[in-house]
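Below is one structure; the comments refer to it alone.
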Amino acid sequence: MPYNVAVCVKPVPDPKHYDRVTIDPVKKTITRTGIPTLINPVDKTAIEAGLQLRERHSGSVVAISMAPPNAEEILREVLAMGADEAYLLSDRAFGGADTLATSYTLCHGLRKIEALRGHAFDFVLCGSESADGATAQVSSQLGEWLGYPHLWNAFAFEEIEEMPEAGDPEKKAFSIRTKMENGYMEWRARPPFVLGVARELNKPRFTSVMGIMKAKNKPLTVWSRADLDGAEDAFLGLSGSPTQPGEIFSPDLKRSGKLLEGSAEEVVEQIVAVLRSNGVVTGD
Amino acid sequence: MGFFEFSEEQKMLRKAIREFVEAEVAPKAAEWDEKDVCPVELFKKLGELGVNGIFVPEQYGGAGQGAVARAICLEEISRHSAGLGIALMTHHLGVYPILQFGTEEQKKKYLPDLCSGAKIGGLAVTEPGGGSDFSGQKTVAEKKDGSWTVNGRKCFITNSHIADVTVFTAKTGEDEKGRNKLSAFIVEKGAKGFEPGRKEHKLGLRGSVTGDLVFADVSVPEDAILGKEGAGAKIGMEGIGEVGRAGMSAICVGILRGCVEEAVKFANERIVYGKPIAKLQAIQLEVAKIRADYEAARLLTYNAVGLKDSGQPCANEVATAKYVSTETAVASSKRLMDLMGGYGIVNEYPVGRFLRDALASIPSGGTSHIMQIIIAANTLSGFQP
């Protein structure tokens, strides 16, 4: 049966250029001028999972992003990878959002797409975390807003025959493995559900020239605050964000030399004392 | 907006190919060079991306792009492996004449597989008697009982040992003045009497195969002739002139970009007298020269292929681009080597490979002397600024 898949993507500064990221200590913001933007790497894993679902079962893959207007370029790349259509939620009213306000906005975007298309999404896929913020909260919070079950850090995902109790019995069930610190957990679930996927899930495909040309004519819709009719202002952007950044600073990596004097044994003792006082060496 | 600007799609193409190259080419480029092996398995992957048939219309399985898109692909690949760059470049040299001069049957028979990566292409023109002496070829094709019998030897042929489909030229008679009449044909790997011969052990562009192709009483069907009988010189020269030289030029733009990026990296990381050598003006001057070479070669190359895409004559512009790109790639990689001191000659760094690849790019598709002769002829016959 066909599956309707939504994939949430985020534009992030290219991690290869993190050495060029600077911090503005007054505004408490990260300056990323001149650093190329790319699709959050693990979001590509989510896109690939969506494309594989469509290839195996038919259906559609819709990409959604809440980001500044220039994220259109990134969404065009998602379309070039193979997604069928894309939506960009972009408005100053969404600015300053923490993960809760971001997931709320995405939820309302997805609900509106569902209303327009006349059917609900079976899967909402997200990367497990972003390369820049790395809070790893959006997929679970989105699941809560949508009222769907949600699993995070999934590294294996396949259709199975056995049917768990819950869910729509007309739909196939899926086995999902999620990474734990010392192992993994295996889950079974029927769509719809939200999945935060880990990089190990698959190897995302490379974008082809043919894909780039097809992407030119695929629909890319930009929605502003006014388009999200059901959303309440109190939950959007800065005002909908219960968490705010506190202090933000660059770690001090200054190094200085110190000449130790004495015999070899005395110097060793001095070194050990310094290491011990800095917590590098503990015990005897 | 600059004088030359990529379209949005071309920028996306560059980003997509760069991503592929960084994942699949960059980590292995040094090994291909050291072991001198051509990564034929990558042709399948490049075919899936649309690179193998980048300028072939979609109806024949291509990506429907042009010479600019092709140059972008070659620059990106050659940034890390000019060896793979020339293997792909030469594959295009086999594809181009079939597309330009082939019959509808020939296009349908060969192009889809050449685009998908199922088959690799090649072009065989040069002979032991010379490459630039085009009409002096000695390989002969004689018509007998409805097919052509070919005898002779081609040398310095890139993809000689890996190509499945090779376009070659052979003498099919003489004109009224006694000059060789050349025709072009398509031959497939495995044809009886058609064998690769000696393999060259090259200084640079290793990771691509270059060698002889031997024809011993090879029977080529009548319908394997490309274009009209006697059109071989035009077919060969157009391919080499506009596709081959433009390709070599783009390959050297890739090498030059490698020089810029490696120079920046090394100058910032190498600490002498307590500070990075990038702070020293003597080093800055060298970096500036390398950067200027890259920018000049890049503009000349993309201008030339842009003319090709717009259907304008471009032989002089391509020759100029090839001359400048290959020569500055040699000069810049030597400059980078000097800048790096002892590290420059250590194979752990790619600069030695850049220099060897740049040197090997000069004779490929016509030496700098030949390029200068083309430029001079164009200039002396009526220079119009």
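One line per chain: the protein sequences are A and B, in this order. Just so we're aligned: 70 in my numbering is position 70 of the first sequence, and the numbers increase by one with no gaps anywhere. Just so we're aligned: 1303 in my numbering is position 303 of the second sequence, and the numbers increase by one with no gaps anywhere. By construction, the Cβ of each residue, glycine as well, lies at the ideal position given by its N, Cα and C atoms. Predicted, not measured: the structure shown is a model, and the values here were computed from it.
- Task: With DSSP as the reference, please indicate the residues paired to D24 (chain A) in a beta bridge.
- Result: The partner list for D24 (chain A) (beta bridge, DSSP) reads A:T29.
- Task: Would you grab the beta carbon distance between G1094 (chain B) and G1121 (chain B) for me? Rounded to a whole angstrom, and I think it's under 8 Å.
- Result: Confirmed, about 3 Å.
- Message: Could you tell me the alpha carbon to alpha carbon distance between R1335 (chain B) and E1286 (chain B), rounded to whole angstroms?
- Response: Rounded to the nearest whole angstrom, the C-alpha separation of R1335 (chain B) and E1286 (chain B) is 7 Å.
- Own chain residues within Cβ distance below 7 Å of S241 (chain A), not counting five before or after: Closer than 7 Å at Cβ, skipping near neighbours: G96, A97, D98, L100, A101.
- Query: For chain B, is any of its Cβ atoms less than 8 Å away from the one on A101 (chain A)?
  - Reply: Chain B contact via Cβ: absent.
- Query: Taking 8 Å as the CB-CB limit, is Q1384 (chain B) close to chain A?
  - Reply: False, the Cβ-Cβ gap to chain A never drops below 8 Å.
- Thinking S60 (chain A) and V5 (chain A) are a contact (beta carbons under 8 Å), I'd like their distance in whole angstroms, please. Rounded, the Cβ-Cβ distance is 7 Å, consistent with contact.
- Item | Contacts around Q1010 (chain B), its chain only, beta-carbon distance under 7 Å, and the 5 residues preceding and following it disregarded | The residues are V1068, A1069, I1072.
- Query: Interface residues of chain B around E55 (chain A) at Cβ under 9 Å?
  - Reply: Ordered by position in chain B, no residue passes the 9 Å Cβ test against E55 (chain A), which lies about 14 Å from the chain.
- Task: State the DSSP-derived secondary structure class of S1081 (chain B), mapped to helix, strand or coil.
- Result: Secondary structure at S1081 (chain B): coil, using DSSP grouped into helix, strand and coil.
- Item | Alpha-carbon spacing of E1058 (chain B) relative to Q1065 (chain B), whole angstroms | For E1058 (chain B) and Q1065 (chain B), the distance between alpha carbons rounds to 9 Å.
- Message: Between V1260 (chain B) and V1150 (chain B), how many whole angstroms is the CB-CB distance? I'm expecting something under 8 Å.
- Response: Between V1150 (chain B) and V1260 (chain B) the Cβ distance is about 46 Å, and since that is not below 8 Å, they are no contact.
- Item | Contacting residues, own chain, Cβ-Cβ under 7 Å from G1085 (chain B) (five flanking each side not counted) | Apart from sequence neighbours up to five positions away, the residues of its chain that approach G1085 (chain B) with a beta-carbon distance below 7 Å are L1074, I1077, S1078, I1251, G1254, ordered along the chain.
- Message: For M1001 (chain B), count the other beta carbons within 10 Å of its own beta carbon; 16 or more makes it buried, fewer makes it exposed. Which is it?
- Response: Confidence in M1001 (chain B) is poor, its pLDDT being 41 and thus under 50, which makes the residue's placement too unreliable to answer from.
- Task: Give the residues of chain B in contact with I212 (chain A), contact being defined as C-beta atoms less than 8 Å apart.
- Result: Those are E1009, M1012, L1013, A1016, listed as they occur along chain B.
- Query: Just checking my contact of L201 (chain A) with T178 (chain A) at CB under 8 Å: how many whole Å lie between their CB atoms?
  - Reply: Contact doesn't hold; Cβ gap of about 11 Å is too wide.
- Task: Check distances from the C-beta atoms of the stretch 1256 to 1286 of chain B to those of chain A and list, in chain order, the residues that come in under 7 Å.
- Result: Those residues of the stretch 1256 to 1286 of chain B that come within reach of chain A (Cβ to Cβ, closer than 7 Å) do not exist; the list is empty.
- Query: Closer than 8 Å, CB to CB, is E85 (chain A) near chain B or not?
  - Reply: Interface residue (Cβ-Cβ distance to chain B less than 8 Å): E85 (chain A) is not classified as such.
- Item | chain B contact residues for A80 (chain A), given Cβ-Cβ distances below 8 Å | The answer, in chain order, is M1012, A1016.
- Is it true that the stretch 1328 to 1346 of chain B meets the stretch 1018 to 1038 of chain B, where meeting means three or more beta-carbon pairs spaced less than 8 Å apart? Three or more beta-carbon pairs separated by less than 8 Å are not found between the stretch 1328 to 1346 of chain B and the stretch 1018 to 1038 of chain B, which leaves the two stretches without contact.
- Compare the C-beta of V272 (chain A) against all C-beta atoms of chain B and say whether one is closer than 8 Å. No, no contact with chain B.
- Message: Check whether the stretch 24 to 38 of chain A and the stretch 78 to 97 of chain A are in contact - that is, three or more C-beta pairs closer than 8 Å.
- Response: The answer is no - the stretch 78 to 97 of chain A does not touch the stretch 24 to 38 of chain A, with fewer than three Cβ pairs under 8 Å.
- Query: Any beta-carbon of chain A closer than 8 Å to the one on M1001 (chain B)?
  - Reply: Model confidence at M1001 (chain B) stands at a pLDDT of 41, short of 50, so the residue's coordinates are unreliable; what they give is reported in the following sentence. Chain A contact via Cβ: absent.
- Using a threshold of 7 Å, is the CB atom of G257 (chain A) nearer than that to any non-hydrogen atom of the ligand PLP? By its list of ligands, the structure shown contains no ligand whatsoever, and the ligand PLP lies outside what it can speak to.
- Close Cβ partners of S58 (chain A) (< 7 Å) along its chain, the five nearest in sequence each way excluded: So the qualifying residues of the chain are P2.
- Could you check which residue in A:Y104, A:A173, A:E161 has the C-alpha nearest to that of D122 (chain A)? Of the candidates A:Y104, A:A173, A:E161, the residue whose Cα lies closest to the Cα of D122 (chain A) is A:A173.
- Does DSSP classify T135 (chain A) as helix, strand or coil? The answer is coil: DSSP assigns T135 (chain A) none of H, G, I, E or B.
- For chain A, is any of its Cβ atoms less than 8 Å away from the one on V1040 (chain B)? Interface flag for V1040 (chain B) against chain A is unset, since no Cβ pair is found closer than 8 Å.
- Item | Under 8 Å by beta carbon: chain B residues contacting S208 (chain A) | Contact of S208 (chain A) with chain B by beta-carbon distance below 8 Å involves A1016, E1048, L1049, G1050, A1063.
- Give the single residue among A:S256, A:S208, A:P245, A:D132 whose Cα lies nearest to the Cα of L1013 (chain B). Of the listed residues, the one whose Cα sits closest to L1013 (chain B) is A:S208.
- Query: Taking a cut of 8 Å between CB atoms, which residues from the stretch 1170 to 1192 of chain B lie near chain A?
  - Reply: Listed in sequence order: no entries.
- Item | the stretch 1214 to 1234 of chain B / the stretch 1048 to 1056 of chain B touching (three or more Cβ pairs under 8 Å) | Contact between the stretch 1214 to 1234 of chain B and the stretch 1048 to 1056 of chain B is absent, because fewer than three Cβ pairs lie under 8 Å.
- Message: Check this for me: beta carbons of A1304 (chain B) and A1224 (chain B), under 8 Å apart or not?
- Response: No Cβ-Cβ contact shorter than 8 Å links A1304 (chain B) with A1224 (chain B).
- Message: Give me, in chain order, the residues of the same chain whose beta-carbon lies closer than 7 Å to that of Q1372 (chain B); leave out the 5 immediate sequence neighbours on both sides.
- Response: Taking Q1372 (chain B) as the centre and dropping the five residues before and after it, the same chain places the C-beta of Y1323 closer than 7 Å to its C-beta, in chain order.
- Task: Quick one: measure Cβ to Cβ for E1242 (chain B) and V1318 (chain B), integer angstroms, because I've assumed they're closer than 8 Å.
- Result: That belief holds up - the Cβ atoms of E1242 (chain B) and V1318 (chain B) are roughly 6 Å apart, short of 8 Å.
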